[in-house]
Amino acid sequence: MLDFAQLSTRFREMVRDDGLNNALKNIYWVARRKVRSRPIDQFDVLHGTETSREVSLWQLTIPHPDAKLGSHYEATSPELFLKACSFLPPAAVDFSFIDIGCGKGRVLILAKEYGFKKVIGIELSGELLEVTRRNLDKSGVGGVDLEHGSALDYRFPEGPLVVFMFNPFGPPALTQVVENLARHPDFVYLIYINPQHKASLDVRFLALHETVDFGVYQSSQTAMEMA
Ligand SMILES: C[S@@+](CC[C@H](N)C(=O)[O-])C[C@H]1O[C@@H](n2cnc3c(N)ncnc32)[C@H](O)[C@@H]1O
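With the working numbering applied, the sequence shown corresponds to residues -8 to 218, in that order.
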């Protein structure tokens, strides 16, 4: 249900911060997504969760300044997740799996079902993270660590990593996260869904497989160690 009071407050804020042109563009994209998105998909029917409905960040209350750099919430399709994971080595299930911008938690559930032992979700929005908690409860999936905050401030855990991103933000933020990951002293595999800003990965990540829908990369350092 649309909350018109909330919508008009957000619209005024957007006009103030981004100008009328960008505010109108944002409204257009939200309306387009609302028309195109199906309210519930097969994943949610099977798991008893609510992950399908898309949300724009301006519909949420996010006090963190990095909200300006972030994209909207939209869930990864299970088929795409499985396809991307098929390009990882089998041993990667023993690496820490980290979803940067975990949204409502769909990928965390898929990662656990896939067999990843250590699964972590980072999310900027407290409201989305609450939805993730409910979804994990409903699906009976446990043992997932959740971090509330910006991925730009996140300190990656020690040991080898599989980092998952569904286009959470654009180049300024992505470049910073890529720099942090490139400094990671252990193996890093990166799954990037809808890789609109893959140029930001530059020479620090080498493509194992790339399509228009996703890319699977490994850090150059990892590749050198394996050679
Ligand atoms: C396209 S959704 C992907 C959701 C989930 N990973 C999936 O694939 O189903 C991108 C998510 O990134 C989050 N996000 C945006 N900027 C962020 C930041 N700086 N730190 C953490 N999360 C962020 C958004 O709130 C949103 O939930």
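The beta-carbon is built from N, C-alpha and C at its ideal position, and this holds for glycine as well.
Are residue i and residue j touching if we call contact CB-CB under 7 angstroms?
i	j	result
S141	V169	no
F34	P69	yes
V122	G106	no
F88	A102	yes
I91	M156	yes
L127	G112	no
G161	P186	no
L143	D8	no
F78	H200	yes
V46	Y64	yes
V154	V135	no
P159	S62	yes
I184	T0	no
Residue range of the alpha helix (DSSP H) that residue i falls in?
i	result
Y100	The residue asked about is misnamed: residue 100 is Ile in this sequence, not Tyr. Where I100 is concerned, the enclosing alpha helix (DSSP H) stretches over R97 to Y105.
K59	Careful: K59 lies outside any alpha helix (DSSP H) and carries neither H nor E.
D136	D136 -> not in any alpha helix (DSSP H); beta strand (DSSP E) instead, spanning V135 to H139.
H188	Here H188 belongs to no alpha helix (DSSP H), and DSSP marks it neither H nor E.
Q167	P162 to A173
F34	Q33 to H38
Check the C-beta distance from residue i over to residue j and give it rounded, since I have them as a contact under 8 angstroms.
i	j	result
S210	L172	7 angstroms
Y208	L181	4 angstroms
P151	F178	4 angstroms
P163	L60	6 angstroms
H55	L115	6 angstroms
D204	L71	6 angstroms
A14	F(-5)	Actually they do not touch by this definition, with Cβ atoms about 16 angstroms apart.
For the beta strand (DSSP E) holding residue i, just list the boundary residues, first then last.
i	result
H200	F196 to E201
F72	That residue, F72, is in no beta strand (DSSP E); its alpha helix (DSSP H) goes P69 to C76.
L181	V179 to I184
L152	L152 to F157
Q209	F205 to S210
I89	S87 to I91
Can you tell me whether residue i sits near ligand 3, meaning its C-beta is under 6 angstroms from at least one heavy atom of the ligand?
i	result
A66	With respect to ligand 3, the structure shown offers nothing to examine, as its ligands consist of ligand 1.
Is it true that the segment 89 to 104 meets the segment 39 to 57, where meeting means three or more beta-carbon pairs spaced less than 8 angstroms apart? Short answer: they touch.
How about the segment 109 to 120 and the segment 42 to 54: do they share at least three Cβ pairs that are nearer than 8 angstroms? Using a Cβ-Cβ distance cut-off of 8 angstroms, the segment 109 to 120 and the segment 42 to 54 are in contact, since at least three pairs of beta carbons, one from each stretch, lie closer than that value.
Continuous beta strand (DSSP E) assignments of at least 3 residues falling wholly in the segment 103 to 132: Listed in chain order, they are 109 to 114.
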